[in-house]
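To start, the structure itself, in structure tokens.
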Amino acid sequence: MVVTIDFREEDEAAAAAAMKAIAGRSDEEVLAAVLARKGGPVPFLQAAIDAAAAAATKAIAGRSDEEVLAAVLARKGGPVPFLQAAIDVAQRRSDLFLDPSAPGVVAEMAVEAQAKAEAEERRKRAKGEPRKAAEMLKKEETRKAEEMLKEEEPMKAEEMLKEEPMKTEEMLKEEEPMKAEEMLKEEPRTPMREAGRDKVERAAVVERVRDPKPNAGNGLDLEKYSWTQERPEVTITIPVPQGTKSSLVTYEIMKNHLKVGLKGCSFIIDGELFEPVKVNDCLWTIEDGNTLSILLTKENQKEWWTSVIKGDPELDPRDMKVPELRDCDVEAKETIVRILSHGLPKAMNFCPFMHNRFSYH
Numbered sequence: 001m002v003v004t005i006d007f008r009e010e011d012e013a014a015a016a017a018a019m020k021a022i023a024g025r026s027d028e029e030v031l032a033a034v035l036a037r038k039g040g041p042v043p044f045l046q047a048a049i050d051a052a053a054a055a056a057t058k059a060i061a062g063r064s065d066e067e068v069l070a071a072v073l074a075r076k077g078g079p080v081p082f083l084q085a086a087i088d089v090a091q092r093r094s095d096l097f098l099d100p101s102a103p104g105v106v107a108e109m110a111v112e113a114q115a116k117a118e119a120e121e122r123r124k125r126a127k128g129e130p131r132k133a134a135e136m137l138k139k140e141e142t143r144k145a146e147e148m149l150k151e152e153e154p155m156k157a158e159e160m161l162k163e164e165p166m167k168t169e170e171m172l173k174e175e176e177p178m179k180a181e182e183m184l185k186e187e188p189r190t191p192m193r194e195a196g197r198d199k200v201e202r203a204a205v206v207e208r209v210r211d212p213k214p215n216a217g218n219g220l221d222l223e224k225y226s227w228t229q230e231r232p233e234v235t236i237t238i239p240v241p242q243g244t245k246s247s248l249v250t251y252e253i254m255k256n257h258l259k260v261g262l263k264g265c266s267f268i269i270d271g272e273l274f275e276p277v278k279v280n281d282c283l284w285t286i287e288d289g290n291t292l293s294i295l296l297t298k299e300n301q302k303e304w305w306t307s308v309i310k311g312d313p314e315l316d317p318r319d320m321k322v323p324e325l326r327d328c329d330v331e332a333k334e335t336i337v338r339i340l341s342h343g344l345p346k347a348m349n350f351c352p353f354m355h356n357r358f359s360y361h
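The sequence shown begins at 1 in UniProt numbering and counts up by one.
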């Protein structure tokens, strides 16, 4: 690092004289002359250190601590050498490590930093996974509906078409003739196929409400919203009109109640939460202009939820993909399933394998 030293205005004459005095002399000659004038190596080295410290202080003037430390981190070539250098400086220039509790304090700082990094990573995953799961579910339902139309229910689709022949003809003749022609050009779909597809999609929604099955995130895909969960948190995704801005969202969160919707419309969700949440750790965001994503942080982070809002459809704990059940025998699994929604610690009493794999404090 090259450090430029600016002399004070009153010292300009002395500085000019000093520069003129050392002109044409090597660094070694100049330093040897100063060493002789200081009367020994110790005073000479102390003077050199003081001059370097003054120059370094001037070099970082006007920069924040984070900017200075970031520059040192880059120069050290990685976080581990940087932390080692910081510990070395603290050891040499303070009495921190004379305190027996110092290693524990440093370790606690590292654990806290790791927890923050993991929480941030979970939030990033939570924003992407519900949308991906919903897309996969939609593709799977479309595939099943097409197979059903081809093999299982051609007659049912034909009967449904007979019930509304006039509506189809009116749409083609009067309401949207150009739109209908464009659709036919883009994709060869028959009215029978479209009628059957609509019926299958409605039947799929009814079936999910009547007999809900967990999605890939141990949650449910409901008519108005979907939700997934990990043990510490729940993520809710709500489809909204394309281009929705955050200023149009109405959001109220309390420890035991959630109310969310769009201004000018009835609330999409308005009810008592399945379990209490940490209000200050909950957040929401608009993604891609068409999805409202809400992250709820559970107050009891050892529990699995079977629903988000009390009174909404609940999933069966036996259908959840919980890794803790794999090492238990049949009897233990049945017992755990009965109490799973009330917290993992109770279930652990029935399955000793789980004590070796999970611990909570």
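The C-beta atom is built at its ideal place from N, Cα and C for all residues, glycine as well.
All of these numbers come straight from a predicted model, not from anything done at the bench.
Original post:
With a CB to CB cut of under 8 Å and the five nearest residues on each side skipped, what residues in its chain are close to V106?
Top reply: Along the sequence shown, one-based indexing puts residue 106 at 106. Here the set comprises I87.
Original post:
Considering residue 364, what are the terminal residues of the beta strand (DSSP E) in which it resides?
Top reply: The structure shown does not extend to residue 364, since the chain is modelled only from 1 through 361, so no value can be given for it.
Original post:
Any idea which residues DSSP pairs V42 with across the strands?
Top reply: Residue mapping note: residue 42 aligns to position 42 of the sequence shown, counting from 1. Answer is none; V42 lacks a bridge partner.
**OP:** Consult DSSP for D50 and reduce its assignment to one of helix, strand or coil.
**Re:** If you number the sequence shown from 1, residue 50 lands on position 50. Helix at D50.
Original post:
Is DSSP giving V308 helix, strand or coil here?
Top reply: Here residue 308 is taken as the residue at index 308 of the sequence shown, counted from 1. In the structure shown, the three-state DSSP call for V308 is coil.
**OP:** Please go through the segment 258-312 and give each complete beta strand (DSSP E) segment of 3 or more residues, from N-terminal end onward.
**Re:** For the segment 258-312, the full-length beta strand (DSSP E) segments reaching 3 residues or more read 269-272, 283-287, 291-297 along the chain.
Original post:
If you drop the 5 nearest sequence neighbours on each side, which residues of the same chain put their C-beta closer than 7 Å to that of S261?
Top reply: The sequence position of residue 261 within the sequence shown is 261, counting from 1. Rather than Ser, the amino acid found at residue 261 in this sequence is Gly. Cβ within range, chain order: T250, F267, I268.
Subject >> Per DSSP, the bridge partner or partners of D221 >> reply: The residue you call residue 221 lines up with position 221 of the sequence shown. Paired residue(s): S226.
Subject >> Between the CA atoms of A90 and D6 - distance to the nearest angstrom >> reply: Counting from 1 along the sequence shown, the entry for residue 6 is found at position 6. Counting from 1 along the sequence shown, the entry for residue 90 is found at position 90. Any reading at D6 needs caution, since the residue's pLDDT is 48, under 50, leaving its predicted position unreliable; the model's value is listed next. When rounded, the distance between both Cα atoms is 30 Å.
Subject >> Start and end residues, alpha helix (DSSP H) containing E67 >> reply: Along the sequence shown, read from residue 1 onward, the residue named residue 67 stands at position 67. Looking at the DSSP string, the run of the alpha helix (DSSP H) that includes E67 is 65-76.
Original post:
Taking the continuous beta strand (DSSP E) assigned at P81, which residues delimit it?
Top reply: Indexing the sequence shown from 1 puts residue 81 at position 81. Counting along the chain, P81 falls outside any beta strand (DSSP E), though it belongs to the alpha helix (DSSP H) covering 79-93.
Original post:
V234 by DSSP, collapsed to three states: which one?
Top reply: Locating residue 234 in the sequence shown gives position 234, counting from the first residue. DSSP places V234 in strand when its eight states are reduced to three.
Original post:
Helix or strand or just coil, what does DSSP make of V249?
Top reply: The count along the sequence shown starts at 1 and reaches residue 249 at position 249. Here V249 sits in strand by DSSP.
**OP:** Would you mind working out which of R25, M254, T291 sits nearest A239, comparing C-alpha positions?
**Re:** On the sequence shown, position 239 is the one that residue 239 refers to. What sits at residue 239 in the sequence shown is Pro, not Ala. From the listed residues R25, M254, T291, the smallest Cα separation to P239 is found for T291.
Original post:
Can you check whether the CB of M320 is closer than 8 Å to the CB of N218?
Top reply: Taking the sequence shown and counting its residues from 1, one reaches residue 218 at position 218. Taking the sequence shown and counting its residues from 1, one reaches residue 320 at position 320. Result yes, Cβ atoms of N218 and M320 sit closer than 8 Å.
Subject >> Per DSSP, cross-strand counterpart(s) of P239 >> reply: Within the sequence shown, numbered from 1, the residue matching residue 239 stands at position 239. Under DSSP, P239 forms a beta bridge with T291.
Subject >> Alpha-carbon to alpha-carbon, P212 and F97 >> reply: Reading the sequence shown from its first residue, position 97 is the one you call residue 97. Reading the sequence shown from its first residue, position 212 is the one you call residue 212. Going by the C-alpha atoms only, they are around 58 Å apart.
Subject >> K124 (DSSP reduced to helix, strand or coil) >> reply: Your numbering for residue 124 matches position 124 in the sequence shown. In this structure, K124 counts as helix in the three-state DSSP scheme.
**OP:** May I have the straight-line CA-CA distance separating E147 from E275, to the nearest angstrom?
**Re:** For the purposes of this step, residue 147 is taken as the residue at position 147 of the sequence shown. For the purposes of this step, residue 275 is taken as the residue at position 275 of the sequence shown. Cα-Cα distance, rounded: 41 Å.
Original post:
What distance in whole Å lies between the Cβ atoms of L220 and L315, which are believed to be in contact at a cut-off of 8 Å?
Top reply: As a position in the sequence shown, residue 315 is number 315, starting the count at 1. As a position in the sequence shown, residue 220 is number 220, starting the count at 1. Contact flag correct, Cβ pair sits at about 5 Å.
Subject >> For D319, the three-state DSSP class (helix, strand or coil) >> reply: Translated into the one-based positions of the sequence shown, residue 319 becomes position 319. Residue state, collapsed to three classes: helix.
**OP:** Excluding the 5 residues preceding and the 5 following V279 in the sequence, name in chain order all residues of the same chain whose CB lies nearer than 8 Å to its CB.
**Re:** Start at 1 with the first residue of the sequence shown, and residue 279 comes out as number 279. Counting only Cβ-Cβ distances below 8 Å, and skipping sequence neighbours, we find I253, M254, K255.
Original post:
Any idea what DSSP makes of P212, helix, strand or coil?
Top reply: Position 212 of the sequence shown, counted from the start, is the residue given in the question as residue 212. Coil.
**OP:** Give me the Cβ distance between G271 and L283, rounded to the nearest whole Å; I'm assuming they're in contact under 8 Å.
**Re:** As a working note, residue 271 is residue 271 in the sequence shown. As a working note, residue 283 is residue 283 in the sequence shown. Rounded, the Cβ-Cβ distance is 20 Å, inconsistent with contact.
**OP:** May I have the straight-line CA-CA distance separating N300 from W227, to the nearest angstrom?
**Re:** In the sequence shown, counting from the first residue as 1, residue 300 sits at position 300. In the sequence shown, counting from the first residue as 1, residue 227 sits at position 227. Distance between the alpha carbons of N300 and W227 is about 18 Å.
Original post:
What do you reckon, are the CB atoms on V234 and W304 nearer than 8 Å?
Top reply: Reading the sequence shown from its first residue, position 234 is the one you call residue 234. Reading the sequence shown from its first residue, position 304 is the one you call residue 304. W304 is positioned such that its CB atom lies no closer than 8 Å to that of V234.
Original post:
Three-state secondary structure (DSSP) at P103?
Top reply: As a working mapping, residue 103 is identified with position 103 in the sequence shown. It is helical.
**OP:** Can you say whether Q229 is buried or exposed, counting buried as having 16 or more other CB atoms within 10 angstroms of its CB?
**Re:** One-based indexing of the sequence shown puts residue 229 at position 229. Flag for Q229 reads buried.
Original post:
On the premise that K144 lies in contact with S293, defined as a C-beta separation below 8 Å, what is that separation, rounded to the nearest angstrom?
Top reply: Counting from 1 along the sequence shown, the entry for residue 293 is found at position 293. Counting from 1 along the sequence shown, the entry for residue 144 is found at position 144. The Cβ separation is near 27 Å, so there is no contact.
Original post:
Around the C-beta of L296, are 16 or more other C-beta atoms found within 10 angstroms, so that it is buried, or is it exposed?
Top reply: The residue labelled residue 296 in the question sits at position 296 within the sequence shown. Its Cβ being crowded by 16 or more others within 10 Å, L296 is buried.
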